[in-house]
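Number of protein chains: 2
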Amino acid sequence: MTVSADYLKDALETLKDSGVRITPQRHAILEYLISSMTHPTADEIYKALESRFPNMSVATVYNNLRVFREVGLVKELTYGDASSRFDFVTHEHYHIICEDCGKITDFQYPGLDEIEQFASHVSGYQISHHRLEVYGLCPECANNKVN
Amino acid sequence: MTVSADYLKDALETLKDSGVRITPQRHAILEYLISSMTHPTADEIYKALESRFPNMSVATVYNNLRVFREVGLVKELTYGDASSRFDFVTHEHYHIICEDCGKITDFQYPGLDEIEQFASHVSGYQISHHRLEVYGLCPECANNKVN
DNA sequence: TTCTAAATTAATAATCATTATTAATAAATA
DNA sequence: TATTTATTAATAATGATTATTAATTTAGAA
Chain A
1 MTVSADYLKD ALETLKDSGV RITPQRHAIL EYLISSMTHP TADEIYKALE SRFPNMSVAT
61 VYNNLRVFRE VGLVKELTYG DASSRFDFVT HEHYHIICED CGKITDFQYP GLDEIEQFAS
121 HVSGYQISHH RLEVYGLCPE CANNKVN
Chain B
148 MTVSADYLKD ALETLKDSGV RITPQRHAIL EYLISSMTHP TADEIYKALE SRFPNMSVAT
208 VYNNLRVFRE VGLVKELTYG DASSRFDFVT HEHYHIICED CGKITDFQYP GLDEIEQFAS
268 HVSGYQISHH RLEVYGLCPE CANNKVN
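Protein sequence lines correspond, in order, to chains A and B.
Numbering-wise, the numbering used here puts 94 at position 94 of the first sequence, and it's gapless, one number per residue.
In short: position in the second sequence from 1, add 147, done, that's the numbering used here.
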């Protein structure tokens, strides 16, 4: 079983291999992304690290999230709302999003390759990947609705 | 087989039933959404109607797209890029998006209810709907890559 | 028809996430 | 050590979308 520490170790390795310098800011952003399971926005990361890096700029967070995206360490999630969320890439998974509180829950589901093949067949596209999200009410919010 | 004219007729009916006034601007925006198969942005709609409505404001386009969304006539599509795209709602379908030119092609695929049930089961969420997109290269762009 | 209230529009200002710019700093390498 | 390069921080700029507000249009009552 891979734990957080290993994810971080592997991520730093990936950066090193890609010729990207490992700065204290990058280390902290990565650490936060891995430890928090909340798919945070850039601003949330910024605020979370404010006490440790009082001088860090929001732009630095954005810049490094872009760097991480480019080397494949994070995925940018864009839903209808204002800002992007960032997800540390571990294994393939999908998201269930609560329409009330915005919480994002991971789940795995196998075998959607079939859809890609079908799409390729009917459209003539060369498929590279797909994106799937499920929307609904999380148990807490569903419960609140009842009361 | 339902044709464009019928879609428009039904859409106007929906507006009427919802107590939403049918203004010339709304008529034109709807007409454009239905006729163009390009999933346009608000700005594209604005520019397309500029000659017929020289005084129309961009805000009017946004306002009315929101009204249409609220009565269920259009869906707002948010991808990674800058601006939302708007899709007139006819039958359920999915999108294949070209990663090169941004073209959006519709396709239909049955029976993804199973995923919703699975997601509900593992997460405890009350599922309302899902969203799926497939990404790749359209035939034209794939061809250009070769040359 | 005329009057009144409500809805809609147009113009414009405001907001807010993200990106660009640039000077200062830190790190890698010669 | 000297020099080049990457990175940061601060800030300005951008651009999509929303809010505000006054003017206009429409629907329905009198």
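Glycine included, each C-beta is placed from N, C-alpha and C at the ideal position.
Closer than 9 Å at the beta carbon, the chain A residues around residue i
i	result
leucine 279/B	Leu112, Ile115, His130, Arg131, Leu132, Glu133
Residue i vs residue j beta-carbon contact at 9 Å
i	j	result
histidine 186/B	aspartate 234/B	yes
proline 286/B	tyrosine 125/A	yes
arginine 232/B	isoleucine 251/B	yes
glycine 102/A	glutamate 223/B	no
leucine 220/B	alanine 175/B	no
proline 171/B	phenylalanine 215/B	no
aspartate 43/A	valine 20/A	no
tyrosine 179/B	leucine 196/B	yes
isoleucine 274/B	glycine 136/A	yes
serine 18/A	valine 71/A	yes
glutamate 92/A	cysteine 141/A	no
Chain A residues whose Cβ lies nearer than 7 Å to that of residue i
i	result
tyrosine 226/B	Thr78
glutamate 246/B	Ser128
Counterpart residues of residue i in DSSP-defined beta bridges
i	result
glutamate 76/A	Phe86/A
glycine 19/A	Paired residues: none, contrary to the question.
cysteine 245/B	Gly283/B
histidine 148/A	Coverage of chain A is limited to positions 1 through 147, which leaves residue 148/A absent and any answer about it impossible.
aspartate 157/B	Answer is none; aspartate 157/B lacks a bridge partner.
aspartate 81/A	BP columns for aspartate 81/A are empty, so no partner.
threonine 105/A	Ile96/A
arginine 278/B	Glu133/A
glutamine 273/B	Leu137/A
Residues that residue i contacts on chain A, provided the C-beta gap is smaller than 8 Å
i	result
leucine 284/B	Tyr125, Gln126, Ser128
valine 218/B	Residues of chain A passing the Cβ test: none, with the nearest at roughly 17 Å.
Contacts that residue i makes with chain B (C-beta to C-beta distance below 7 Å)
i	result
phenylalanine 118/A	Tyr256
Rounded Cβ spacing between residue i and residue j (contact assumed at less than 8 Å)
i	j	result
isoleucine 243/B	valine 293/B	Contact doesn't hold; Cβ gap of about 20 Å is too wide.
threonine 207/B	tyrosine 154/B	That pair is no contact at about 22 Å.
phenylalanine 265/B	tyrosine 109/A	6 Å
threonine 225/B	threonine 78/A	6 Å
methionine 51/A	serine 4/A	Correcting the residue type first, residue 51/A is serine in the shown sequence and not methionine. No, serine 51/A and serine 4/A are not in contact; Cβ-Cβ is about 21 Å, not under 8 Å.
arginine 26/A	asparagine 64/A	5 Å
Chain B residues whose Cβ lies nearer than 8 Å to that of residue i
i	result
alanine 142/A	Tyr272, Gln273
isoleucine 96/A	Ala266, Ser270, Tyr272, Ile274
threonine 105/A	Ser270, Tyr272
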